[in-house]
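Going by numbering that gives the first Met the number 0, the first residue of the sequence shown is number 0, and it counts up by one from there.
So the structure is just underneath, and the comments pick up after that.
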Amino acid sequence: MSLFGWFGKALRVNLSTGLISREDLDPKLLLDWIGGRGLGTRLIAGEVPAECDPYGAENKLVFAAGPLTGTRVPGSGRFSASSKSPLTGTIMDSNAGGTWGVKYKKCGYDALIIEGIAPVPVYLVISEEQAALHEAGDLWGADLIETDSILKDRLGKNISLAGIGPAGENMVRFASIISDGSHALGRGGLGAVMGAKKLKAIAVQGKKKVAIANAEKLDFVVYETGKWIKASPITSQGLPEFGTPVLVNLFNKLGVFPVRNFQASQFSGANKISGETIAETIASGRRGCYGCPVQCTRLIRTGKTGVIAGPEYESIWALGPECDIGELEVIAEANYHCNRLGLDSISTGVTIGCAMELVEKGLLTDGPKFGDSTGLTKLIRQIAYRKDIGDLLAEGSRRVAEQYGAEQYAMQVKGLELPAYDPRGLQGMGLGFATSNRGACHLRAYMAGPEALGVPKMVNRFNVSGKAGLVITQQNINAAIDSLIMCHFINLAVSEEYFARILSAVTGVEYQTQDLHRIGERIWNLERLYNLRAGLEAPFDTLPPRLLEEPVTNGPAQGKTVDLKSMLKEYYRYRGWDDSGWPLAYKLQNLVLEGIIC
């Protein structure tokens, strides 16, 4: 069949043998799983044993674009990577914007499958005509700024680079893959998988045109989408003017802004690190991903490094209030070093915060202390290079706390550190964290939308009744959006109906909104099956004891804990799972999932 939106091709690179091959993708595979996260999940589940060592040769790394990547659809300039996580042991995907996904897609591929382990460090160069591996001994040890500069001098300024820094090389369990200097495939340690495979970087430069089935229809739907983006105060004012840090003051006011490793839920110095303050002090411009009208990335100027990409909301919190640090330039510098060294800023900050509480409780000696801003950048470097205490912290908060018999102080789910929302004041967010297939994640079900922002409508954030259904709906549609692959900020302004119409116009296949929900449900359940096979059963669908047992002591959420038990029972029932969290036979049959996992 003729394909529009997809090229129908995958590139397979065996690092052990050096063999590179071009493969046809079954059109039905693309129709059923779309691309991005969905295609990556399907390929990992079918080729990577759930019980394998994430650092071993059996694990694979799949980069995938979507049918909208490289088109004029706003918010579509993204790509994803999937693997088995060394941090969580779960199936893991992460996605990023910038230009890498578009330039990779335009080389003529929908997926890149990396397998094996190289005998020596290498980098991969992909163009429309060929793909080749090159020795990277001279790059091993370089940070991401240095690597980008060297390879652009060598290969040309128009390449786009996705690579790892020293953190990935040293297999820090929460190492990132960074593209275009600051766009992070941040969560779950995919950079460590790349480091284990001795793959330093992937350079791409393609210019192939993505075929569109109905250009006139696409033009109209994109025009309508643009009107909705301009009509939303979030995507037309808040994000363009202040970036994601616009959320700092809002969530602090609501009493869901975690402080000192979730010991408190409001930060007295929040305004000094807010988006509004950034705009008034160190902001120097903005930029965005390929073809995106929102342009949410804030450029800032600091005293030490000049103009750099500013920290996002999550990074400001993790490297700031989570560690009881409120100095804006310190946080910005720390975030810059996370990007340069290739570290997930969320896991970095939360792991440091965990260590700080262990020091406070007298369990860890000679460790970092809450409020110590002077040693933050040094500590980040120690983590990336696994030096001194950094070697311990490089294992992530769960393993750090376990070593001291104090797992309750690790703010994590399934090994993945929590993001910047205290779920005691956002009950649905708590259920979303607990049930997320990749561990604690706010983007699998962004319940802060209805519970705090009123998107698509406001619901009572303290109620638990009905939250299971809302969480499941978000998890399913977000799995589909991650497969298209689209920016979630667009979804704050545009309903999923528009995504179905856009996908139909690009591919020529008539997708309805319910088709996207069904595809998302299929993806979610396959991820669940993979995790169950890996040993992550129902007891892992939980939250840190602090959030379940210790009420918030003051502020708007005072006296609240997460009422997870009642929500979780309802969640399993609505999902079509048994009491132990296994999908029932009828659900597997309905979603056509039997026999996929290898």
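Beta carbons: idealized from backbone N, C-alpha and C, even for Gly.
Note that this is a predicted model, so its numbers are computed, not measured.
Pro582 - DSSP class collapsed to helix/strand/coil: Pro582: strand per DSSP, three-state reduction.
In chain order, which beta strand (DSSP E) runs of at least 3 residues are fully inside the segment 63 to 117? Taking 3 residues as the shortest admissible run, the segment 63 to 117 contains the following complete beta strand (DSSP E) segments, listed from N- to C-terminal end: 78 to 83, 90 to 95, 110 to 114.
Gly290 to Trp316 span [Cα, whole Å]: Rounded to whole angstroms, Gly290 to Trp316 spans 28 Å at the Cα level.
For Asp152, does the three-state DSSP call read helix, strand or coil? The three-state secondary structure of Asp152, taken from DSSP, is helix.
From Ser435 to Pro85, what does the alpha carbon distance come to, in whole angstroms? Cα-Cα distance, rounded: 17 Å.
Please report how far the alpha carbon of Leu67 lies from the alpha carbon of Asn530, in whole angstroms. Distance between the alpha carbons of Leu67 and Asn530: 29 Å.
DSSP on His441, reduced to helix/strand/coil? Coil at His441, not helix or strand.
Less than 8 Å separating the beta-carbons of Arg297 and Val306? Against a cut-off of 8 Å, the Cβ pair of Val306 and Arg297 comes out as no contact.
Check each candidate in Leu184, Pro244, Glu520, Gly448 and name the one with the smallest Cα separation from Gly96. The shortest Cα separation from Gly96 among Leu184, Pro244, Glu520, Gly448 belongs to Leu184.
Span of the alpha helix (DSSP H), counted from its first residue to its last, around Asn436: No alpha helix (DSSP H) holds Asn436; DSSP gives it neither H nor E.
For Gly465, the nearest candidate out of Gly164, Tyr571, Asp142 (CA to CA): When only C-alpha atoms are compared, the closest one is Tyr571.
Between the segment 152 to 167 and the segment 376 to 393, are three or more C-beta pairs nearer than 8 Å? Note that the segment 152 to 167 touches the segment 376 to 393; at least 3 beta-carbon pairs, one per stretch, sit closer than 8 Å.
Checking 8 Å against the spacing of the C-beta atoms, do Gly370 and Asp323 come in under that value? In contact: Gly370 and Asp323 (Cβ atoms closer than 8 Å).
Are the beta-carbon atoms belonging to Lys601 and Ser235 less than 8 Å from one another? Because the chain is modelled from 0 through 597, residue 601 falls outside the range shown and cannot be assessed.
Boundaries (first-last residue) of the beta strand (DSSP E) holding Asn13: 8 to 13 is the extent of the beta strand (DSSP E) around Asn13.
By DSSP, does Thr376 sit in helix, in strand, or in coil? Assigned with DSSP and collapsed to three states, Thr376 falls in helix.
Mapping DSSP to helix, strand and coil, what is Thr301? Thr301: strand per DSSP, three-state reduction.
Let me make sure I understand the geometry here. Which of Glu50, Ser79, Leu198 has the alpha-carbon closest to that of Gly34? Here the closest residue by C-alpha is Ser79.
Can you say whether Phe219 is buried or exposed, counting buried as having 16 or more other CB atoms within 10 angstroms of its CB? The Cβ neighbour count for Phe219, taken over all protein chains shown within 10 Å, is under 16; the residue is labelled exposed.
According to DSSP, Phe133 sits in a beta bridge with which residue or residues? Reading off the sequence, residue 133 comes out as His, not Phe. Among the bridge pairs identified by DSSP, His133 is matched with Tyr122.
Let me know the secondary structure DSSP gives Asp343 once reduced to three states. The three-state reading of DSSP puts Asp343 in coil, since its state is none of H, G, I, E or B.
Return the CA-CA distance between Ala310 and Lys208, expressed in angstroms with no decimal places. It should be noted that the sequence gives Pro, not Ala, for residue 310. Cα-Cα distance, rounded: 34 Å.
Where does the unbroken beta strand (DSSP E) through Gln204 begin, and where does it stop? That run of the beta strand (DSSP E) goes 198 to 204.
Could you tell me how far apart the beta carbons of Asn58 and Ser93 are, in whole angstroms, since I believe they sit closer than 8 Å? Asn58 to Ser93, Cβ: 15 Å. No contact.
Just curious, the alpha helix (DSSP H) that Arg615 is in, first and last residue? Lying before the first or after the last residue shown, residue 615 is absent from the chain, which here runs from 0 to 597.
Looking only at DSSP bridge pairs, what is Glu22 linked to? Paired residue(s): Ala9.
Since Val258 sits in a beta bridge, which residues does DSSP pair it with? Note: Val258 is bridge-paired with Ala263 in the DSSP secondary-structure output.
What does a CB cutoff of less than 7 Å around Ser372 pick up in its chain, not counting 5 residues either side in sequence? Around Ser372: Ile324, Glu326, Val329.
To which residues does DSSP link Arg286 through a beta bridge? DSSP links Arg286 through a beta bridge to Thr296.
Taking 8 Å as the limit between beta carbons, can you name the residues of its chain near Ala200, skipping five residues before and five after? Residues Tyr122, Leu123, Ala135, Leu138, Thr146, Leu150, Leu160, Ala161, Gly162, Ile163 of the same chain have their beta carbon placed closer than 8 Å to that of Ala200, with the five preceding and five following residues left out of the count.
Could you give the C-beta distance for Ala451 and Leu425, rounded to a whole number, given that I count them as a contact under 8 Å? In this structure Ala451 touches Leu425 by the C-beta definition: roughly 7 Å separates them, less than 8 Å.
Environment of Asp23 [buried if 16+ CB atoms lie within 10 Å]: Counting of Cβ neighbours within 10 angstroms places Asp23 among the exposed residues, the total staying below 16.
Would you mind reading off the limits of the beta strand (DSSP E) that contains Ile489? Where Ile489 is concerned, there is no enclosing beta strand (DSSP E), although the alpha helix (DSSP H) it sits in stretches over 487 to 490.
Using the beta-carbon count (16 or more within 10 Å), is Glu279 buried or exposed? Note on Glu279: under 16 other CB atoms within 10 angstroms of its CB, so exposed under the neighbour-count rule.
What is the rounded straight-line gap between the Cα of Leu415 and the Cα of Val458? The straight-line gap separating the alpha-carbon atoms of Leu415 and Val458 is approximately 27 Å.
Measure from the alpha carbon of Glu495 to the alpha carbon of each residue in Phe6, Ile595, Val454, then state which is nearest. Among Phe6, Ile595, Val454, the Cα nearest to that of Glu495 belongs to Val454.
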